[in-house]
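Trainee:
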Amino acid sequence: MGDQIQFIVEKLNQEPFRKNYNLISFDSLESLQLLQLLSDVLGEIDPKHAVDIREELPEQTAKRMLNLLGILKYKPPGTVSDLSAFRQGLVTGSKPVIHPVLHWLLQRTSELKKRAYLARFLVKLEVPAEFLQDDTVAEFNKQYEELMEAFKNLHKEHEQLKISGLSTAEIRRDISAMEEEKDQLAKRVERLKKRVETVQNHQRMLEIARQLRLEKEREESLAQQKQEQKSQLFHAEQKLQRAQVQLKEMQHVVADSKPESLMKKLEEEINFNSYLVTEKIPREMESKKTSVYFLQKVVAEPAMTQADLTALESEINEVNAQMNQLIEKRMMKYEPTDSKFSMYRQQASIISRKKEAKAEELQAAKEEMSSLERQVEQKSSQAHELEGSEVLTEEEFKQYVNKLRSKNTFYKKKRLEIAEITAEYGILQRTEELLRQRHEAIQQQLQAIEEKKGISGYSYTQEELERVSAVKSEMDEVKGQTLDNMSEMVKKLNAMVAEKKASLAPVIKELRQLRQNCQELTQERDEKKIQYDSCAAGLETNRSALEQEVKGLLEERAQEESNYHYINCMKRTLEIQLQRAKEEMKAYVSPDPQERRKAVREQYTRIILEQENLGKKLREKQKVVRESHGPNMKQMKMWQDFEQLMECKRECFLKQQNQAAIGQVIQEGGKDRLVL
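If you're matching positions, the sequence shown starts at 1 in the UniProt record's numbering and goes up one per residue.
#1: If I measure Cβ to Cβ from Arg18 and keep anything under 7 Å in the same chain, skipping five residues before and after, which residues do I get?
#2: Taking 8 Å as the threshold (C-beta atoms), are Leu34 and Gly70 in contact?
#3: Can you say whether Ile53 is buried or exposed, counting buried as having 16 or more other CB atoms within 10 angstroms of its CB?
#4: Could you check the C-alpha separation between Ile45 and Leu83 for me, to the nearest Å?
#5: Report buried or exposed for Gly388, applying the criterion of at least 16 other Cβ atoms within 10 angstroms of its Cβ.
#6: If you follow the alpha helix (DSSP H) that Lys75 is in, where does it begin and where does it stop?
#7: Could you have a look at Ala62 and say whether DSSP puts it in helix, strand or coil?
#8: So what's Glu30 in DSSP terms, helix, strand or just coil?
#9: Do the CB positions of Leu23 and Gln6 come within less than 8 Å of each other?
#10: Taking the straight line between their C-alpha atoms, what separation do you get for His565 and Thr305?
#11: Distance, Cα to Cα, residue 745 vs Ser291?
#12: Could you check whether Lys265 and Cys518 sit closer than 8 Å to each other, using their CB atoms as the reference points?
#13: Starting from Glu267 and walking both ways along the alpha helix (DSSP H), at which residues does that stretch end?
#14: Assess contact between the stretch 216 to 229 and the stretch 483 to 503, defined as three or more Cβ pairs (one per stretch) separated by less than 8 Å. Is contact present?
#15: Output the distance between the C-alpha atoms of Glu260 and Ile351, rounded to the nearest integer angstrom.
#16: Using a Cβ-Cβ cutoff of less than 8 Å, which residues in the same chain neighbour Glu651 once the five nearest sequence positions on both sides are dropped?
#17: Give me the residue from Tyr21, Gln322 and Thr605 with the minimum Cα distance to Tyr588.
#18: Using only the alpha-carbon positions, how far apart do Gln443 and Gln429 sit?
#19: If we require 4 or more residues per run, which alpha helix (DSSP H) segments fall completely within the stretch 73 to 148?
#20: From Glu373 to Leu521, what does the alpha carbon distance come to, in whole angstroms?
#21: Flag this pair as touching only if the stretch 269 to 277 and the stretch 355 to 364 have three or more C-beta atom pairs under 8 Å; answer yes or no.
#22: Measuring only the C-alpha atoms, how far is Leu106 from Asp135?
#23: Please go through the same chain and pick out, in chain order, the residues whose beta-carbon is closer than 8 Å to the beta-carbon of Glu620, but skip the five residues on each side of it.
#24: To the nearest angstrom, how far is the alpha carbon of Glu610 from that of Arg626?
#25: Within 10 Å of its beta-carbon, does Tyr21 have 16 or more other beta-carbons around it, so buried, or fewer, so exposed?
#26: Are the beta-carbon atoms belonging to Leu511 and Leu233 less than 8 Å from one another?
#27: Decide if the stretch 275 to 283 is in contact with the stretch 546 to 563; the criterion is three or more beta carbon pairs, one per stretch, under 8 Å apart.
#28: Using 8 Å as the threshold, is the stretch 147 to 160 in touch with the stretch 110 to 126, meaning 3 or more CB pairs across them?
#29: How should Met65 be labelled, buried or exposed, when 16 other C-beta atoms within 10 angstroms of its C-beta is the threshold for buried?
#30: Using the Cα positions of Thr556 and Gly89, report the straight-line distance between them to the nearest angstrom.
#31: In its own chain, which residues sit with a C-beta less than 7 Å from the C-beta of Pro16, not counting the 5 before and 5 after it?
#32: Ignoring anything shorter than 4 residues or poking outside the stretch 185 to 266, list the alpha helix (DSSP H) runs there in chain order.
#33: Helix, strand or coil, according to DSSP, for Gln594 in the structure here?
#34: The alpha helix (DSSP H) that contains Gln603, what's its start and end?
#35: Would you mind sorting Ser349 into buried or exposed? The rule is 16 or more other CB atoms within 10 Å of its CB.
#36: For the putative contact between Met102 and Leu147, defined by C-beta atoms under 8 Å, what is the C-beta separation to the nearest angstrom?
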């Protein structure tokens, strides 16, 4: 509770509240101030609730706050009766009700702001069914629901854009880059069209190339489908292997077990469950009931003082001592037969305690096993959602590791080959550069010789003619080869498609059988899971009911304990005040003058007399000051005038000295000029 109040005070002292509270000032707030503070916090979450509660009725305030808390999905602790107490506490401004609400609101302010904003548009208005019979109302209601769905979609897109973090500058850069790439592609397409238009039968060749591209895409899609079918087949084989392993284990267990052993296991389980139902659970319930009875009895009794507690403790100690004496006397009077019975009783009690302990350990182990099974199912489902496949077994993981090692070796080998090719490429590049330099030097010498002979440009023209003729012959060869290659490619593709279909036919047939087996196993597993879930749900319901009951009793005990401590403190305060009053009365009525002087009344009377005497002296002094005020003020005025006069004389004296010094300097300067 102290940590909760500390958190509330820290949050209220920050922006945007800035209340400047401390723990004492916050705890001393009255109910109306607490309600106004809660209204301010709700107004920060939803601006519509920023109102002064003094301007509205208490019922309206409670209704408004309950409505917003329901929209924000606040769940008050407790049962239905506690809910009515919660509403009553909210109306009256009770601290045990307001403090948890403030703690919950200040913990998640940003999230609740978003929820309140969405509630303005997503809380559906309930229209009665008789009004929906009208076509106009039904149409408006339909439009209202469509707009609500559109708002949901837009809000989701807005949140996704926020999370993605794409800025407008990046989008503009991407758009400009894509436009530039588009222009370049358009130019390349135009150039290629112009080059192709000069070739004969270019339309037919383009059609054949298009068909080739379509066949390649189809081949890729078929290869992808084949890969998917292979992966599905692999997963189905894994499931089948696991199912076969489980079936073998179950058959092995059934083969090894005999009807007698199975009956024995069932009898043990029945005995354990019957022990739980007939002995353990009734005993626990009885102990709970007795503890509840005693707690209710303690609560119903009036508040006890420390003296009562001390008396009860002494009485308990006396009763325990008497019990111990009676037990000792009984043990001394035991006969041998009774001693044997006592030994048997002790052994029986020890065995029963061990039995209870083992039953509790078995119950805890079963609960732990069920929780671990649920965790395994949850982890496997998460892995399936993340990876899209089942979790690998130990053998499959080893195969996967071996495959990775072989790929790593292959990768290292290829990296060495790439390094060798890169080194060879550098050597060839350097050789090409040297040859190019030699070619340029020879070309310059040839041009110089042609200029000398008067036939400049002859070698260039000869090279161009040879290049054009070579290009023409190459184009003719490429055309012929392209047509032949296209026809051969089409034939090969048709043959490959037929071969793939023939090879996939038996695989598809086997896959159908495996799918049927998988469906049967899945159906059986679902039936078993339904049985398990129903049993687990029943046990969970019983456990939650018991936990809720225990929680309510603990809260009730804590509340009563706090009330007890509060009443005890108030009682101590009143006792101290009463004791002071008794001492005061005793001192006041005492015949001893010394004792009477110690009384508070006498002390205050003496202080009052002293203050009255002091007041008389001060009034006399005030009278003297009033009488001498006029002459004193006149004398002070005379002294001020005298001070002003002396200051004026001092200034005049200083000015006279300065003028005499300046005249002396001027006279000395004139004498110097005369001497010169």
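Think of the CB as a built atom: it goes at the ideal place given N, C-alpha and C, for glycine as much as any other residue.
Mentor: Based on what the coordinates show:
#1: Within the sequence shown, the letter at position 18 stands for residue 18. Answer for Arg18: no residue qualifies.
#2: Taking the first residue of the sequence shown as position 1, residue 70 is located at position 70. Taking the first residue of the sequence shown as position 1, residue 34 is located at position 34. No, these two residues do not count as a Cβ contact at 8 Å.
#3: Position 53 of the sequence shown, counted from the start, is the residue given in the question as residue 53. Label assigned to Ile53: buried.
#4: If you number the sequence shown from 1, residue 45 lands on position 45. If you number the sequence shown from 1, residue 83 lands on position 83. Roughly 23 Å between the two C-alpha positions.
#5: Along the sequence shown, read from residue 1 onward, the residue named residue 388 stands at position 388. Because Gly388 sits at a pLDDT of 49, beneath the cut-off of 50, its placement in the model cannot be relied upon, and the following sentence gives the value as read from the coordinates. Exposed: under 16 other Cβ atoms inside 10 Å.
#6: By 1-based counting over the sequence shown, the position of residue 75 is 75. Where Lys75 is concerned, there is no enclosing alpha helix (DSSP H), given that its DSSP letter is neither H nor E.
#7: Taking the first residue of the sequence shown as position 1, residue 62 is located at position 62. Helix at Ala62.
#8: Numbered from 1 along the sequence shown, position 30 holds the residue referred to as residue 30. The answer is coil: DSSP assigns Glu30 none of H, G, I, E or B.
#9: Your numbering for residue 23 matches position 23 in the sequence shown. Your numbering for residue 6 matches position 6 in the sequence shown. Contact: yes.
#10: The sequence position of residue 565 within the sequence shown is 565, counting from 1. The sequence position of residue 305 within the sequence shown is 305, counting from 1. Approximately 10 Å between the Cα atoms of the pair.
#11: Residue 745 cannot be examined here, being either before or after the span of the chain that is shown, 1 to 676.
#12: Mapped onto the sequence shown, residue 518 falls at position 518. Mapped onto the sequence shown, residue 265 falls at position 265. Contact: no.
#13: Taking the sequence shown and counting its residues from 1, one reaches residue 267 at position 267. Run containing Glu267: Pro259 to Tyr275, per the alpha helix (DSSP H) assignment.
#14: yes
#15: Position 260 of the sequence shown, counted from the first residue, corresponds to residue 260. Position 351 of the sequence shown, counted from the first residue, corresponds to residue 351. One C-alpha to the other measures close to 27 Å.
#16: Here the question's residue 651 lines up with position 651 in the sequence shown. Closer than 8 Å at Cβ, skipping near neighbours: no residue.
#17: Here residue 588 refers to the residue found at position 588 when the sequence shown is read from its first residue. That would be Thr605, whose Cα lies nearest to the Cα of Tyr588.
#18: On the sequence shown, position 443 is the one that residue 443 refers to. On the sequence shown, position 429 is the one that residue 429 refers to. Their backbone Cα atoms lie some 21 Å apart in a straight line.
#19: 80 to 92, 95 to 107 and 109 to 122
#20: What you label residue 373 is simply residue 373 of the sequence shown in a count that begins at 1. What you label residue 521 is simply residue 521 of the sequence shown in a count that begins at 1. Rounded to whole angstroms, Glu373 to Leu521 spans 19 Å at the Cα level.
#21: yes
#22: The residue given as residue 106 occupies position 106 in the sequence shown. The residue given as residue 135 occupies position 135 in the sequence shown. Distance between the alpha carbons of Leu106 and Asp135: 46 Å.
#23: Counted from its first residue, the sequence shown places residue 620 at position 620. Excluding positions up to five away in sequence, the list is empty.
#24: Sequence index remark: in the sequence shown, residue 610 carries index 610 (1-based). Sequence index remark: in the sequence shown, residue 626 carries index 626 (1-based). Computed Cα separation, rounded: 24 Å.
#25: Within the sequence shown, residue 21 is the residue found at index 21, counting from 1. Buried, by the Cβ-count rule.
#26: The residue you call residue 511 lines up with position 511 of the sequence shown. The residue you call residue 233 lines up with position 233 of the sequence shown. Against a cut-off of 8 Å, the Cβ pair of Leu233 and Leu511 comes out as a contact.
#27: no
#28: yes
#29: Against the sequence shown, residue 65 aligns to sequence position 65. Looking at its Cβ environment, which holds 16 or more other Cβ atoms inside 10 Å, Met65 is buried.
#30: Here residue 556 is taken as the residue at index 556 of the sequence shown, counted from 1. Here residue 89 is taken as the residue at index 89 of the sequence shown, counted from 1. Here residue 556 turns out to be Glu, not Thr, going by the sequence shown. So the alpha carbons of these two residues sit roughly 16 Å apart.
#31: Reading the sequence shown from its first residue, position 16 is the one you call residue 16. Glu44.
#32: 202 to 256
#33: Residue mapping note: residue 594 aligns to position 594 of the sequence shown, counting from 1. Gln594 falls in the helix class under three-state DSSP.
#34: Position 603 of the sequence shown, counted from the first residue, corresponds to residue 603. Looking at the DSSP string, the run of the alpha helix (DSSP H) that includes Gln603 is Val600 to Glu627.
#35: Residue 349 sits at position 349 when you count from the first residue of the sequence shown. Result: exposed.
#36: Reading the sequence shown from its first residue, position 102 is the one you call residue 102. Reading the sequence shown from its first residue, position 147 is the one you call residue 147. Looking at the sequence itself, residue 102 is Leu, so the reference to Met does not match. Contact doesn't hold; Cβ gap of about 35 Å is too wide.
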